[in-house]
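Peer 1:
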Amino acid sequence: MMFYRKAQRNRKPSYQSHTDAANAASDNGGKPPISAGLADNLAYLRQELGDSPDMIVRTFEIGGNRIPAGAVYMDGITDKDMVNEYILKSLMIEAGEAMNPDEKPDILAYLKANALTIGEVHLLKDWDCIILSVLSGDTVIFLDGSPEAISGNTKGGEQRTITEPSTQVVIRGPKDGFTESIGTNVSLVRRRIKSSSVRLEPFKIGQTTKTNVAVMYIQGKAEDHVVQLLRERLSGIQIEALTGSELLEELIQDQKKSPFSTLINTERPDTVANHLLDGRIAIFVDGTPFNLIAPTTFLMNFLSTEDYYTRPEAVAAIIIVRYAALIISLFAPSIYIAAITFHQEMIPTPLLLSLASQRESVPFPAFIEALIMEFTFEILREAGIRMPRAIGQAVSIVGALVLGQAAVEAGIISSAMVIVVAITGISSFANPSYNMALSIRLIRFFLMVAAALFGFYGIAIFSIILISHMCSLSSFGVPYMTIKTPSVPEAERKTLFGIPLTKEKTKPQPAPDSGGSGAGGNDQAQPASAPSNLLNESGSS
Amino acid sequence: MNACRKPIAAAMLLLLSIVVLTGCWNSNELSDMAIVVGIGVDKDGDSGKYRVSMQIVNPSTVAANKSSGGGQNAIPNIVYSSVDHTLFSAFRKTSQKAPRRLFFAHSQMFVIGEPLAREGINGLFDLFERSRELRLTSSVVIARGMKAEDLLNILTPMQTTTATSIKDKLEVTSEVWAQNVDTDVTDIIKKVSGSGEPAISGAKAVGNPIAGRKKANLEETPPQTNIETKGIAIFAQGKLAAWLDGKAARGAVWAMNKMKSTTVNLDCGNEKQAIAIEVIRSSTRTRVHMRNGKPVLTMHIKEEGNLTETNCPLDPSNRELIVKLQNQLAEATKKEVETAIKAAQSKKSDIFGFSTEMERTQPKAWKQLEKSWPDVFAETEVEINVEAYIRRTGLRIKSYIKPEKE
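Going down the list, the sequences are from chains A and B.
In this text, residue positions in the first sequence follow the working numbering: the first is 1, and each later residue adds one.
In this text, residue positions in the second sequence follow the working numbering: the first is 1001, and each later residue adds one.
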């Protein structure tokens, strides 16, 4: 499994014949070569998979020569009809009829060429490929006397159907959303952009999970250096398991230590299509409906899918509301704290009197009061997400009553603070980007501390630090605070990309000679591409 | 890499700890503060000390916050007074009496008792400029014929505090009636530091000031004791010299170019004061010329008004009639301004800012006249031109009132 570390270096990954891959990797696996005996092979495979009950082995004989053969597939992730119709039927009945019993050619090659009536067939020469193939849902056929195997793509089984996305709902716009299947997801985007310049590059990430990851972009629109950077980062990943796009996001972002996410995710194929057309890159991860878009700038967080389907004048106005909501959700509690504990002279007199009268009976300092309320609100929000829907309502009613009504009436909390916390909470939901809302939630508490310590001075200092930090961020070399991507001039690009590339720790070696000596020079190199096309299970389901 | 990071990290930690160790500098909880809305100053008998009164809001009475316990029956504001040689020490001395830290940033009203005003007010305002706690935008009034403390002690309906009540009255009346001026501390300091004299409105109690201290005053209509703004005090050498009232006060507002809006009644033929004109815009331009070595002031007033009421039959579609009314308005205005200027000249009190104009436009002559300016001012000839226009006649053209048949 070591070869994943060095995969894909210096070279544009592509669908490669599995045979090259097998050859390249054959001397490092630690596994025995494929035996010529059918029984040995099947026994070895059984042993490798721990005699798993969902591994189905069907033995049969081919043609007049009655060559013993075995088909191996996993129950549940294969399409049984395909196995029966195009593999077993073809081999057991049709191949036997067509085959000349006198000839003794390379039977496997013959079968591959003449017998298997299935779209995608590969010849496999090492155990790694065979095991991966079986576990991906292919059917692998062994022939007695052949130290090779054939795989037929029979991926299938149960999948969630395409439904309306639950997190990014639009009023006017397409209603389809991504599913957990990468093949389906890619096809949903493909259907929207019928262009030959759409490029799709597969990766396999995770030593144990071998998760399929695909990068999609439009050649000519996406900037080459960004694509190259993404490729290098993806191939450089060494991780045991990749279970979702969140983890991948963490692994490929430019700056690791930041509350801000420099990749946005989406559940909507039309959003991905729109971003691809804008010259961005989509990263699909198998097993999650949330796929990533890169590079991401700060302002992209304020765009909702709805915006593409609404009149631009209205969108412009609504985006202003979103900015305002961001500022409120970030600053409202801290400004309130600063104003009533430090800068009372700034509050208009009638408002100050009103606030003072509310705070008469409150036993806590304003900061503690704000912390209590914000914390309670966070608990409520967290509880509301975890609870089953029916109970969730009860939680919110109790929460709202306890917080809003009882706490104020008991004189523990001032009603102004309830208003501030409520507007803060609602504003944080107005942001289309959940990631951004999360970051804001976190930063808000630091701002509150700064406000409680130094008032507006503290808020100003913290804001300067925050803005400096945001300006230092980048997403695949594109500055996070850029107004419009991509617009980085060539010279700046060099400085931006040069440094992170050479300092990249996850990369085993820098790539000074890009292009020339490929992976062939390195005996450990193995393309991440799968033995068979991993992305087309949707075709068979 | 780690080797060079550690000292930096340590330095950062030290710097951060400095930040935290200072604590919550200047932090004050609202519930620990007593919000002072008005300050009154009187002289304390013959001791030469000031008696400073601070009006504090009782916050629990402000909003209808029923849960905060018993606030409804408390009086809305409390006045504490302290005696000391300086205002500031009196402020701080009050901490012996007030249960909370006094907070002056919302003080809107500075009331000066008339007895003190007659002895001189020029020394009172240094604290306002020097202190970060007080506001230069506080309005100033003279408690007319009484002590400032007594005025602040009167409870007034509609407004929470006496101070805001006076402040709001002053603001509105100086805008729509213009027989008072809303003077703030900055205005006074400007005048006093130049060669002019401040003009400060008066506020006086109507009714019994002692009875006005009781909450019962809020439970009756009309209130037994009320506060009304009345007149403009003019000063000479920093001492209250005289009161201008009624039309003379309005004339002074006109001459000071502070007129925003007012109502002038004009005669309608034989019927006296039967037409109401609302002046909606007015500007006054003052120029100083030297004639025979003496300054001559020319004042040009341009005003616009609307016909708002008439008690006699009138046809405003008649252009000649409007011209006549305009002349009448100009005449009335001129008369009022002349009254005001004469009154001020008789007290040698240049409240109109003529000295500033003189200094600005005739610097050479000013140098000679500077020392004797109050006397020169009293003698100076003032020419007044009034340009009056009547722009609109309201929603009705010809009045429904029919001419009496003769």
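Beta carbons are placed, not taken as given, at the ideal position from N, Cα and C, and that holds for glycine.
Considering only C-alpha positions, which residue in the set 66/A, 146/A and 367/A is nearest to residue 446/A?
Peer 2: That would be 367/A, whose Cα lies nearest to the Cα of residue 446/A.
Peer 1: Below 7 Å between beta carbons is the criterion; list the residues of the stretch 337-367 of chain A that meet it against any residue of chain B, in chain order.
Peer 2: 340, 341, 342, 344, 345, 349, 352, 353, 354, 355, 356, 357, 358, 359, 360, 361, 362, 365 and 366
Peer 1: Once the 5 residues before and after residue 414/A are set aside, which same chain residues still bring their CB inside 6 Å of it?
Peer 2: 358, 359 and 362
Peer 1: If we call anything under 8 Å between Cβ atoms a contact, is residue 1121/B one with residue 1246/B?
Peer 2: no
Peer 1: Could you tell me which chain A residues have their CB closer than 7 Å to the CB of residue 1358/B, listed as they occur along the chain?
Peer 2: Those do not exist, as residue 1358/B stays about 38 Å from chain A at its closest Cβ, beyond 7 Å.
Peer 1: If we count Cβ pairs, one from each stretch, closer than 8 Å, do we get three or more for the stretch 226-239 of chain A versus the stretch 188-207 of chain A?
Peer 2: Note that the stretch 226-239 of chain A touches the stretch 188-207 of chain A; at least 3 beta-carbon pairs, one per stretch, sit closer than 8 Å.
Peer 1: What span of residues does the alpha helix (DSSP H) with residue 1335/B cover, start to end?
Peer 2: 1319-1346
Peer 1: Near residue 433/A, which residues of its chain fall below 7 Å by C-beta distance, leaving aside the five closest residues on each side in sequence?
Peer 2: 264 and 301
Peer 1: DSSP puts residue 1034/B in a beta bridge; with which residues?
Peer 2: 1102/B
Peer 1: In the stretch 1024-1054 of chain B, which residues sit with their C-beta less than 8 Å from some C-beta in chain A, listed in chain order?
Peer 2: 1024, 1025, 1026, 1027, 1028, 1029, 1030, 1031, 1033, 1035 and 1037
Peer 1: Report yes if the C-beta of residue 1190/B is less than 7 Å from at least one heavy atom of the ligand NAD; otherwise report no.
Peer 2: In the structure on display, the ligand NAD does not appear, and there are no ligands present to speak of.
Peer 1: Assess, as a yes-or-no matter, whether the stretch 116-124 of chain A is touched by the stretch 85-94 of chain A under the definition of 3 or more beta carbon pairs within less than 8 Å.
Peer 2: yes
Peer 1: Should residue 479/A be labelled buried (16 or more other beta-carbon atoms within 10 Å of its own) or exposed?
Peer 2: buried
Peer 1: Quick check on residue 1403/B: does DSSP put it in helix, strand or coil?
Peer 2: coil
Peer 1: Compute the Euclidean distance between the alpha carbons of residue 1169/B and residue 1270/B, then round it to the nearest angstrom.
Peer 2: 35 Å
Peer 1: Looking at chain A, is there any beta carbon in it that lies within less than 8 Å of the beta carbon of residue 1060/B?
Peer 2: yes
Peer 1: Give me the chain A residues within the contact set of residue 1105/B, using Cβ-Cβ distance strictly less than 7 Å, ordered along the chain.
Peer 2: Those are 344 and 345, listed as they occur along chain A.
Peer 1: Let me know if residue 1085/B comes out buried or exposed under the rule of 16 or more other beta-carbons within 10 Å of its beta-carbon.
Peer 2: exposed
Peer 1: Ignore the nearest five residues each way along the sequence and tell me which others in residue 12/A's own chain have a CB closer than 8 Å to its CB.
Peer 2: Only weak support exists for where residue 12/A lies, its pLDDT of 38 falling under 50; the value from the coordinates is given anyway. Only 201 and 231 meet the Cβ criterion.
Peer 1: Could you tell me which of 1338/B, 1155/B and 1289/B sits nearest to residue 1256/B, measuring between CA atoms?
Peer 2: 1338/B
Peer 1: By alpha-carbon positions, which one of 1276/B, 1234/B, 1285/B and 1044/B ends up nearest to residue 1305/B?
Peer 2: Residue 1276/B is the option with its Cα nearest to residue 1305/B.
Peer 1: How would you call residue 1353/B, buried or exposed, if buried means at least 16 neighbouring beta carbons within 10 angstroms?
Peer 2: By the neighbour-count definition (other C-beta atoms within 10 Å, threshold 16), residue 1353/B is a buried residue.
Peer 1: Is there contact here, the stretch 262-277 of chain A with the stretch 313-324 of chain A, by at least three beta-carbon pairs under 8 Å?
Peer 2: no
Peer 1: Could you check where the beta strand (DSSP E) with residue 338/A kicks off and where it finishes?
Peer 2: It is not in any beta strand (DSSP E) - residue 338/A instead sits in the alpha helix (DSSP H) that spans 312-341.
Peer 1: From the beta carbon of residue 1108/B, is the nearest beta carbon of chain A less than 8 Å away?
Peer 2: Chain A contact via Cβ: present.
Peer 1: Buried or exposed: residue 1394/B, going by 16 or more other Cβ atoms within 10 Å of its Cβ?
Peer 2: exposed
Peer 1: Are any of the Cβ atoms in chain A nearer than 8 Å to that of residue 1082/B?
Peer 2: no
Peer 1: Going along the chain, which residues of the stretch 1150-1169 of chain B sit with their C-beta nearer than 8 Å to a C-beta in chain A?
Peer 2: Interface annotation for the stretch 1150-1169 of chain B against chain A: 1160 and 1164, criterion Cβ-Cβ distance under 8 Å.
Peer 1: Just checking: is the beta-carbon of residue 1376/B within a distance shorter than 8 Å of some beta-carbon in chain A?
Peer 2: no
Peer 1: If you count every other CB in all the chains shown that lies within 10 Å of the CB of residue 137/A, and 16 or more means buried, which is it?
Peer 2: The residue is buried, with at least 16 neighbouring Cβ atoms inside 10 Å.
Peer 1: Return the chain-ordered list of same chain residues with a C-beta closer than 6 Å to the C-beta of residue 1330/B, the five sequence neighbours on each side being excluded.
Peer 2: 1386 and 1388
Peer 1: Taking the straight line between their C-alpha atoms, what separation do you get for residue 93/A and residue 66/A?
Peer 2: 12 Å
Peer 1: I need the DSSP call for residue 405/A, collapsed to helix, strand or coil.
Peer 2: helix
Peer 1: Establish whether the CB of residue 1057/B and some CB of chain A are separated by less than 8 Å.
Peer 2: yes
Peer 1: Given a threshold of 16 other Cβ atoms within 10 Å of its Cβ, counted over all protein chains shown, does residue 1208/B qualify as buried or as exposed?
Peer 2: By the neighbour-count rule (16 or more Cβ atoms within 10 Å), residue 1208/B is not buried but exposed.
Peer 1: Quick one: give me the first and last residue of the beta strand (DSSP E) that residue 1230/B is part of.
Peer 2: 1226-1236
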